[in-house]
Amino acid sequence: MVANGFLPAAQGRTPLPFYVWRAFARYSPVLPAGRLVNFGTVHRVPAGVRAGYDAPFPDKTYQAGARAFPRLVPTSPDDPAVPANRAAWEALGRWDKPFLAIFGYRDPILGQADGPLIKHIPGAAGQPHARIKASHFIQEDSGTELAERMLSWQQAT
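Taking the UniProt record's numbering as reference, the numbering of the sequence shown is continuous, increasing by one, and the terminal residue is 157.
Encoded structure:
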């Protein structure tokens with residue numbers, strides 16, 4: 001099961017919003033995790049929830065991983081992560097166990113990434129895939145619906 005996720009192998013066009021996020025994470029003097037989550041949702045994230053996303057990063061010294069993560073996503077064929085990701089894609093092409101994809105149709109980065117997964121993974125055939133009203137942080141926008149769909153699918157398989 002995957003929700004708003006992908007395994008990039010640098011074979012397609014990387015959406016512009018991804019590069020914006022990558023540049024922001026690298027160059028912005030502040031990295032407000034809670035506000036970034038709020039920006040990546042359809043619905044406003046409550047202040048207390050945003051504070052929870054900020055909690056692991058009390059100051060700049062805790063942000064190295066969050067700042068580096070976007071640069072670890074391969075976007076060009078010569079990226080050192082590409083061979084491993086392509087090997088994983090090959091393995092997924094043989095995955096015949098049930099596979100479900102639920103994506104937020106308002107996600108500017110991964111909103112249509114379900115298509116390649118569904119087409120490529122044999123176990124995805126005939127599953128109740130869905131695009132729901134959510135943006136990138138699908139768990140914040142439609143957490144209940146996401147959980148209900150996952151549980152229903154799990155119980156049926």
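Just so it is clear, CB atoms sit at the ideal spot from N, CA and C, and this is done for glycine as well.
Let me make sure I understand the geometry here. Which of the options has the alpha-carbon closest to that of residue i?
i    : options              : result
P15  : G65, G93, P56, P74   : P74
P80  : E145, A9, S28        : A9
P122 : A134, W89, W153      : W89
Q155 : V30, D141, H43, Q127 : Q127
P17  : P108, G143, E148     : P108
L7   : S135, A64, A84, R26  : A84
Y62  : A147, Q112, V30      : V30
S28  : K60, D78, F137, W153 : K60
With a 10 Å radius around its C-beta and 16 neighbouring C-beta atoms as the bar for buried, classify residue i as buried or exposed.
i    : result
G40  : buried
P58  : exposed
W95  : exposed
L36  : buried
L151 : exposed
D114 : buried
A3   : buried
F69  : exposed
H43  : exposed
A134 : buried
S142 : buried
Going by beta-carbon coordinates alone, are residue i and residue j separated by less than 8 Å?
i   : j    : result
L92 : H129 : no
A25 : A66  : yes
By Cβ distance, which residues of its chain are closer than 6 Å to residue i, with the 5 residues on each side in sequence left out?
i    : result
R131 : F103, Y105
P77  : A10
Going by beta carbon distance, what residues of the same chain come within less than 7 Å of residue i, once the five residues before and after it are set aside?
i    : result
D54  : P32, A33, G34
I118 : A101, A124, H129
R50  : G34, R35, V37, N38
P98  : G123, Q127, T157
V82  : A9, A10, P74
Using 8 Å for Cβ pairs, my map puts residue i next to residue j. What's the rounded Cβ distance?
i   : j    : result
G12 : L110 : At roughly 12 Å, the Cβ-Cβ gap does not stay under 8 Å, so G12 and L110 are not in contact.
F20 : E140 : One point to set straight first is that residue 20 is Val, not Phe, in the sequence displayed. That pair is no contact at about 20 Å.
R22 : R71  : 6 Å
Identify, in the order they occur along the chain, each residue of the same chain with its Cβ nearer than 8 Å to the Cβ of residue i, setting aside the five sequence neighbours on each side.
i    : result
L146 : A3, I102, I132, A134, I138, Q139
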